[in-house]
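Let me begin by presenting the structure, written as structure tokens, before commenting on it.
Protein chains: 4
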Amino acid sequence: MSTVPLPAAEPFKDRPSKFAQLRALLESKPTEFLLEAHNGLSARIAEEAGFKGIWASGLAISSQFGVRDNNEASWTQIVDMLEFMSDATTVPILLDGDTGYGNFNNLRRLVKKLEQREIAGVCIEDKIFPKTNSFIGGERQPLAEIDEFCGKIKAGKDSQSDPNFSIVARVEALIAGWGLDEALRRAEAYHRAGADAILIHSKLSQADEILAFAREWGNRAPLIIVPTKYYSTPTEVFRKAGISTVIWANHLIRAAAAAMAQVAREIHATQTLVNIEDRVAPVSEIFRLQGAEELLAAERRYSTAPEAETGAIVLG
Amino acid sequence: MSTVPLPAAEPFKDRPSKFAQLRALLESKPTEFLLEAHNGLSARIAEEAGFKGIWASGLAISSQFGVRDNNEASWTQIVDMLEFMSDATTVPILLDGDTGYGNFNNLRRLVKKLEQREIAGVCIEDKIFPKTNSFIGGERQPLAEIDEFCGKIKAGKDSQSDPNFSIVARVEALIAGWGLDEALRRAEAYHRAGADAILIHSKLSQADEILAFAREWGNRAPLIIVPTKYYSTPTEVFRKAGISTVIWANHLIRAAAAAMAQVAREIHATQTLVNIEDRVAPVSEIFRLQGAEELLAAERRYSTAPEAETGAIVLG
Amino acid sequence: MSTVPLPAAEPFKDRPSKFAQLRALLESKPTEFLLEAHNGLSARIAEEAGFKGIWASGLAISSQFGVRDNNEASWTQIVDMLEFMSDATTVPILLDGDTGYGNFNNLRRLVKKLEQREIAGVCIEDKIFPKTNSFIGGERQPLAEIDEFCGKIKAGKDSQSDPNFSIVARVEALIAGWGLDEALRRAEAYHRAGADAILIHSKLSQADEILAFAREWGNRAPLIIVPTKYYSTPTEVFRKAGISTVIWANHLIRAAAAAMAQVAREIHATQTLVNIEDRVAPVSEIFRLQGAEELLAAERRYSTAPEAETGAIVLG
Amino acid sequence: MSTVPLPAAEPFKDRPSKFAQLRALLESKPTEFLLEAHNGLSARIAEEAGFKGIWASGLAISSQFGVRDNNEASWTQIVDMLEFMSDATTVPILLDGDTGYGNFNNLRRLVKKLEQREIAGVCIEDKIFPKTNSFIGGERQPLAEIDEFCGKIKAGKDSQSDPNFSIVARVEALIAGWGLDEALRRAEAYHRAGADAILIHSKLSQADEILAFAREWGNRAPLIIVPTKYYSTPTEVFRKAGISTVIWANHLIRAAAAAMAQVAREIHATQTLVNIEDRVAPVSEIFRLQGAEELLAAERRYSTAPEAETGAIVLG
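Protein sequences appear in the order of chains F, A, B and Y.
Here the numbering used here is used: position 120 in the first sequence is 120, and no number is missing along the way.
Add 316 to a position in the second sequence, counting from 1, and you land on the number used in the numbering used here.
Add 632 to a position in the third sequence, counting from 1, and you land on the number used in the numbering used here.
Add 948 to a position in the fourth sequence, counting from 1, and you land on the number used in the numbering used here.
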């Protein structure tokens, strides 16, 4: 497994805050990348792989709970999981925050709760709570009123304590069938209302409408994309289009689901571990990812008991 | 991916309760198997793979939170995750419940909370709270007093509402270096105090001491083992030894960790999804595991909005 | 203080379930009464005073948290408090459940969570989530669509496991300025959709419109009222009008707030406890309400430590 | 009711942090006072009455949940309530944190969680987890080992981020029957280990042993007392003894319990509200305490809906 050193549980003292880190990512000239994570373990793995930021995907978090991405988990259950994710990492987390879980007042409360847990920003989308299945294919789904959504953005921005906390406005106009002009009109309004970046979403398997949007947008504010469907477009194309940030939005939960299903079926079929032992992480790697070493060192420092003397042998 | 039909969110009406299912597994003549799960998703995957029961591993649950298996997550945070796991499955869950998270009174409260969430049983171990790293290699670690641990078992059994809720007593005497006689003495005491099964644990890479214990034990009560270290012992040996239940204790979290690390590193290195798209579960599989179909059907039944007409296209 | 014996922590075995108790209250010929409670302590006090049921008020629960009754506390934070309330009592609790905290699907999930915690029923109102301040005095506030609200009721009823779990439909038409006919039309529709009782709400200081509604309603289904504003109407009038259940909706939180403010100011002004010691409950009463005796008895039963021998002296 | 203006939900920008406020209270020359609170409402009431700090009593918080003060509520359930309390106030909160809910590592985690929620300090006591009923009258109850407790204090101090977060060491030696010398020996050791203040506890109805301790202690570090039992001692005596802080430890929960019981019994007996309406806080006062005005103002600022025009009429 990885030999990347374990990130410290606490941010390095001389490192910018997570809020400043995310803002810098969004505003950086080179295209940056966020990877989805959905719990403390996947967040730490994303950081260890080298990602400078994490996308706390609503789909992935609801999926790991075993519920649907339709506000079945409460917003505080999501915040509780985010707290574990933030505690396990030193890079910033951007929350995929649905509609802000209600109106402008719910968003104000959410922003405060996120800042307390060092979640660096939230992305809100111009849909209506509670989320209906947003990718059902009908034409021209209703979106939030522009004024109402701008009021929400303003309320969120006014309520943040750290100047670098970021609010990203996700424009659903293309997906909802309202066309490029409406998407641009909304992006401009959200930008003026204070959004720190625009996330433009598309469900097409080609990046055409995204690239058209980017051309018209012309870098008025950082632009974020989520190429889940148009994944075959070369990243170089996004770079040239001036995309600020690319989000790989759901790939760790999908990696985990596939691997767990395969291993579960194999153990069930064979009734033994011998075939899979080498294909799963050793228990020692789980302990390493949990930071077991730090606790052993702390026990030596703070505990008077003479027990903590030898190496760890782990069983679970 | 799997074509196994999605388990219904609600237990089938004519099916035994989860409590009865677990008890039947423990008492069945043929050797049965439990697979570790640590969140709603992994629990559903374990069930779909065919497992008749699930081991809610303390190591795996703490690992997915990104904390250590030393009571860093509170017992209610664990219970909250168990509730998601139970809601996502129809097979019984046995909780790896440390020491019961405190004394006899904490166990009484835990039992009530577990029953409310249809968690079918709890395994408690004869160690001392808060858990120190139990597999540190010193000789003769202290264990709970036998009388105190028996009082805890009795308190737990007296507080259950469903007669089939199970309390499993995990004997740590072999691991803690106290030898076979002490292990047998404790198992017998715990059995008399009301434990529904005995879990005998070993950290050796050969099953010898487990098999010796099983021989001496002679089926006084169902015997459970966790062959994490002695995984190379053929399952046939356990069957012949009369083992009631074998727990594959941490293999889904290990499968997930390995797969996520690999995919994270590859996406980071290549800055594209094209190479990994076929190695992760499709988004549609995530939706299937979440039960998206049931919600679409329910929307047709309960919602007056005409929107839910066409097929789902998913993006995340 | 009270000498009423402490209610057992566990329901008496030969007593009807909490679900059956609430249903019987709703359907009883004589007018019955529910008292507001907002945490475990107030719930136990309501039961000890003789009330056969408890109203878990949204206003009171949000108030004790220190937040506003506008979905600032998440629905799971409310459910967590309800669990403490249910654990502390043996009489049924009816939750004041806003709109069901979302759409039909959120209500389905809520019903399952309530049943697990033995909350006997939920009252939902025909407003729109997230709750805006519902008693702002404008004319003709928008209400939920009748069809949509009936779909929600049906979904809730279809998802309950215990046949006696109750769903009460709260009609806001009078308060929202839509008049008697609309109120009756809605009540009838909700009744047909499966509501077990109708709560008709009024903000007038006289009971006239409530009584007019009751006359027209003619006992088609149990009728519940909340005479917070028209409190001076004699209860005999409600009885004669055939009201099933009267809810005293917020009086324990108001009693607590007044008493705490008075004591806080007096201690602050005088810098001593001597003047207030006799006006507050003794510490021993707090211990009694917590059930300290039961734990001492249990320690004698389950604990081997010889410590629990003498009487309790309590300090806090 | 009170006409004290509502404290702003957010700390005033030019005000010292809550951490600095608590530290200043502890170190101030004049004797200062903390009042118990147990939820958001009582915390706000304590602040409005003029108290500069709040004691988040373990007894009171468990009591309001309806459970016993024996670690029946999990530590995260307590932290969740503290978060509501902190959000509702601008003065600092000192948590009555039992033993730190486990060993040195549990305390480290607790300190981080408290700081995130702006809880200004924690008081830990030299007992053993899980708390047994600490005021059972036997002689010479076991206390934590001094070295182990000092290690815990050091670990807590090393893990705080804000230099003004305070850790108070509560010395149980007098209550546990070990005498003055042992109490002094422990206080000195805890002080050297880094405790920011010493809380010396007594169960006698006279302050003699407390005053003797204060004399011997001689202001080596701030001294805190809890005169629940010796409440009749004039405060002037404590001032002269150089006591830093006096905690009125459980008087709001006792005020609330007495008032609620009385009102509940009266409503039950009379079946009407007319007799109690003037003795409880008006509903408008509940709304004021919740900060309803601020939300109305915010709706005017951020909401485009024209609804929020007229005065609030409240019903609950």
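Using N, Cα and C, we set each Cβ at its ideal position, and we do this for glycine too.
- Taken atom to atom, the span from the alpha-carbon of residue 1226 of chain Y to that of residue 883 of chain B is near 11 Å.
- The beta carbon of residue 151 of chain F sits closer than 8 Å to some beta carbon of chain Y.
- Residue 499 of chain A: member of the alpha helix (DSSP H) spanning 495-509, first to last residue.
- In the structure shown, residue 802 of chain B falls within a strand segment according to DSSP collapsed to helix, strand and coil.
- According to the DSSP secondary-structure assignment, residue 562 of chain A is paired through a beta bridge with A:349 and A:541.
- In this chain, the beta strand (DSSP E) harbouring residue 410 of chain A covers 409-412.
- For residue 121 of chain F, the uninterrupted beta strand (DSSP E) segment begins and ends at 121-125.
- The Cβ neighbour count for residue 206 of chain F, taken over all protein chains shown within 10 Å, is under 16; the residue is labelled exposed.
- Taken in chain order, the members of the segment 399-431 of chain A whose beta-carbon sits within less than 7 Å of a beta-carbon on chain B are 420 and 421.
- Three or more beta-carbon pairs separated by less than 8 Å are not found between the segment 919-938 of chain B and the segment 1233-1245 of chain Y, which leaves the two stretches without contact.
- Distance between residue 97 of chain F and residue 123 of chain F, taken at the CA atoms: about 5 Å.
- Close CB contacts of residue 435 of chain A within its chain, under the 7 Å cut and outside five residues either way in sequence, are with 398, 402, 409 and 411 (chain order).
- Remark: C-beta atoms of residue 538 of chain A and residue 352 of chain A do not approach each other more closely than 8 Å.
- Among the bridge pairs identified by DSSP, residue 687 of chain B is matched with B:668 and B:726.
- The continuous stretches of beta strand (DSSP E) do not include residue 491 of chain A, and DSSP gives it neither H nor E.
- In the displayed model, residue 276 of chain F falls within coil according to three-state DSSP, outside both helix and strand.
- For residue 1113 of chain Y, the closest alpha carbon among the candidates Y:969, Y:963 and Y:1047 is that of Y:969.
- The segment 689-701 of chain B makes no contact with the segment 562-580 of chain A: fewer than 3 CB pairs, one atom from each, lie closer than 8 Å.
- Counting along the chain, the unbroken alpha helix (DSSP H) around residue 394 of chain A starts and ends at 391-403.
- Between the alpha carbons of residue 32 of chain F and residue 590 of chain A lies a distance of about 18 Å.
- Taking the C-beta atoms as reference points, residue 187 of chain F is found nearer than 8 Å to residue 217 of chain F.
- DSSP places residue 253 of chain F in the uninterrupted alpha helix (DSSP H) bounded by 251-270.
- In its chain, beyond the 5 residues on either side, 1153, 1154 and 1155 have a beta carbon closer than 6 Å to the beta carbon of residue 1178 of chain Y.
- For residue 1123 of chain Y against residue 1151 of chain Y, the beta-carbon gap comes to about 5 Å, under 8 Å, which counts as contact.
- With a cutoff of 8 Å on beta-carbon distance, residue 225 of chain F and residue 200 of chain F are scored as near each other.
- Neighbours of residue 387 of chain A across chain Y, judged by C-beta separation under 7 Å: 1050 and 1054.
- Between residue 170 of chain F and residue 125 of chain F, the beta carbon gap of about 4 Å places them in contact (Cβ cut-off 8 Å).
- When rounded, the separation of the alpha-carbon atoms in residue 242 of chain F and residue 55 of chain F is 20 Å.
- Residue 481 of chain A has a beta carbon lying at 8 Å or more from every beta carbon in chain F.
- At a cut-off of 8 Å, the C-beta of residue 1089 of chain Y has no neighbouring C-beta in chain A.
- Note that the C-beta distance between residue 1110 of chain Y and residue 967 of chain Y is below 8 Å.
- In the three-state reduction of the DSSP assignment, residue 513 of chain A falls in the strand class, which pools E and B.
- Taking a beta-carbon distance threshold of 8 Å, residue 934 of chain B does not count as an interface residue toward chain Y.
- Not a single C-beta of chain Y is nearer than 8 Å to the C-beta of residue 920 of chain B.
- In the displayed model, residue 996 of chain Y falls within a helix according to three-state DSSP.
- No Cβ-Cβ contact shorter than 8 Å links residue 374 of chain A with residue 350 of chain A.
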